[in-house]
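Residue numbers (full-length UniProt numbering): 1 to 422.
Written out below as structure tokens is the structure these notes cover.
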């Protein structure tokens, strides 16, 4: 009996020991898991994004990824430079970095920066656009999607995802966005000279600003470079779908940037057609008849913009009729040239640009040039002028040297004549 009692005691002791061991393992296992889960969560919070945030100057893009990560790690201790948009109120917990690499702002941030949405700049395709002044003094443009916009959400998502990865000096930079209190907003770099349309046709209460020919030619080249990046530089290629003068914005140096990617679409065709999109007067007739939008449809719209630069006639003012009449003779474009440019520009350059625009408007998309070919053609116009100016400069220098030699010879002859008389 004693032997059996000892066995029972030993069994109970082993069971208790095993229970304690298992409980300890579970306790330390859970503690280890929680600790590592916390470390991973902290690491994620310190590195909100690995995608680059870029801003464009006159040359190449500048990467702000490191600045963003550092600012989040060192909240309250070290801030970004004052001239950086991202240094504004970084401590705000409502603002986080999205997967697109763009900062997300709270509704209160935007409300404060726009003085309770009273600083309206104009009406965009999907809602009003406001001027926002940040605490640092930075000025940006805020596009608020209209609440009654049927396609607002889709356009918003498209624009954020596209502009979050597209970076070029001739595209308007998206610097952030807001999804808060049922509102969706896009934050862009501010373009101080407004749209090309407002400059060409004037705006209510605004000063009339006449673009000279040099500026118009440079704007045409800038636009072509922006579209060229979308068509041939972006991976995958992007078609804009709503190119128009109102979507071409001008900075303080009157350099042009392509804006409003709300209707953009990556060139991936799945055999299904969508509803017609775009703006009347700029839409490719082939697109209207086939409901298939391609890069050549963008080329058509760009051709219309080129003629706007030449004539300052809006597409809604029968621009195509004027273009068709002008195409009947080699010098027909002279008759529809903006009267404010009369006698102040090279007629040969105007005709060359009109010839490029006519090719863009060809009824057959196949015969329309690619945007790369258009860019090169416009660039050649500028290069020919520079070559001509250099030639004239050299000729002027040669003439001045010849005149100087003649004057020297006359002085010598007069001195010799004086000496003989003496």
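We treat Cβ as the ideally placed atom computed from N, Cα and C, and that holds for glycine.
Cβ distance (whole Å) where residue i is taken to contact residue j below 8 Å
| i | j | result |
| --- | --- | --- |
| residue 300 | residue 252 | With 8 Å as the limit, residue 300 and residue 252 do not qualify as a contact, their Cβ atoms being about 31 Å apart. |
| residue 170 | residue 286 | Residue 170 to residue 286, Cβ: 26 Å. No contact. |
| residue 107 | residue 180 | 4 Å |
| residue 381 | residue 353 | 6 Å |
| residue 147 | residue 375 | Contact flag wrong, Cβ pair sits at about 40 Å. |
| residue 199 | residue 186 | So it is not a contact: roughly 23 Å between Cβ atoms. |
| residue 102 | residue 176 | 5 Å |
| residue 378 | residue 220 | 5 Å |
| residue 294 | residue 239 | 7 Å |
Status (buried if at least 16 other CB within 10 Å, exposed otherwise) for residue i
| i | result |
| --- | --- |
| residue 292 | exposed |
| residue 11 | exposed |
| residue 425 | The question about residue 425 has no answer, for the chain in this structure spans 1 to 422. |
| residue 408 | exposed |
| residue 166 | buried |
| residue 190 | buried |
| residue 302 | buried |
| residue 141 | buried |
| residue 66 | In this prediction, residue 66 has a pLDDT of 31, which is less than 50 and means its spatial position is unreliable; nothing more can be read from the coordinates. |
| residue 227 | buried |
| residue 16 | exposed |
| residue 138 | buried |
| residue 280 | exposed |
| residue 423 | No statement about residue 423 is possible, as the shown extent of the chain runs from 1 to 422 and does not include it. |
| residue 230 | buried |
| residue 222 | buried |
| residue 401 | exposed |
| residue 406 | exposed |
Selection from the options that minimises the alpha carbon distance to residue i
| i | options | result |
| --- | --- | --- |
| residue 254 | 282, 232, 209 | 209 |
| residue 111 | 103, 144, 137, 102 | 144 |
| residue 385 | 115, 213, 194 | 213 |
| residue 196 | 233, 307, 29, 240 | 307 |
| residue 244 | 298, 231, 193, 217 | 298 |
| residue 361 | 234, 113, 321 | 321 |
| residue 424 | 31, 351, 241 | It is not possible to answer for residue 424, since the shown part of the chain is limited to 1 through 422. |
| residue 249 | 283, 288, 124 | 124 |
| residue 162 | 4, 215, 260, 319 | 260 |
| residue 278 | 117, 126, 109 | 126 |
| residue 194 | 164, 28, 172, 4 | 172 |
| residue 340 | 305, 28, 201, 412 | 201 |
Per DSSP, the bridge partner or partners of residue i
| i | result |
| --- | --- |
| residue 104 | 177 |
| residue 128 | 123 |
| residue 133 | 139 |
| residue 249 | 195, 257 |
| residue 144 | 185 |
Any non-hydrogen atom of the ligand SAM closer than 6 Å to residue i Cβ
| i | result |
| --- | --- |
| residue 406 | Ligands in the displayed structure: none, and consequently the ligand SAM is not present. |
Any C-beta of chain B under 7 Å from that of residue i
| i | result |
| --- | --- |
| residue 277 | As a matter of chain content, chain B is missing from the structure shown, which is built from one protein chain. |
Just list the alpha helix (DSSP H) runs in the stretch 163-234, keeping only unbroken ones of 4 residues or longer that don't cross its boundaries, in chain order.
Counting only runs of 4 or more, we get 196-201, 213-228.
In chain order, each alpha helix (DSSP H) run of at least 4 residues that lies wholly inside the stretch 287-321:
Correct list: 295-311.
Entirely within the stretch 328-400 and at least 3 residues each: give me those beta strand (DSSP E) ranges in chain order.
Runs of the beta strand (DSSP E) inside the stretch 328-400: none found.
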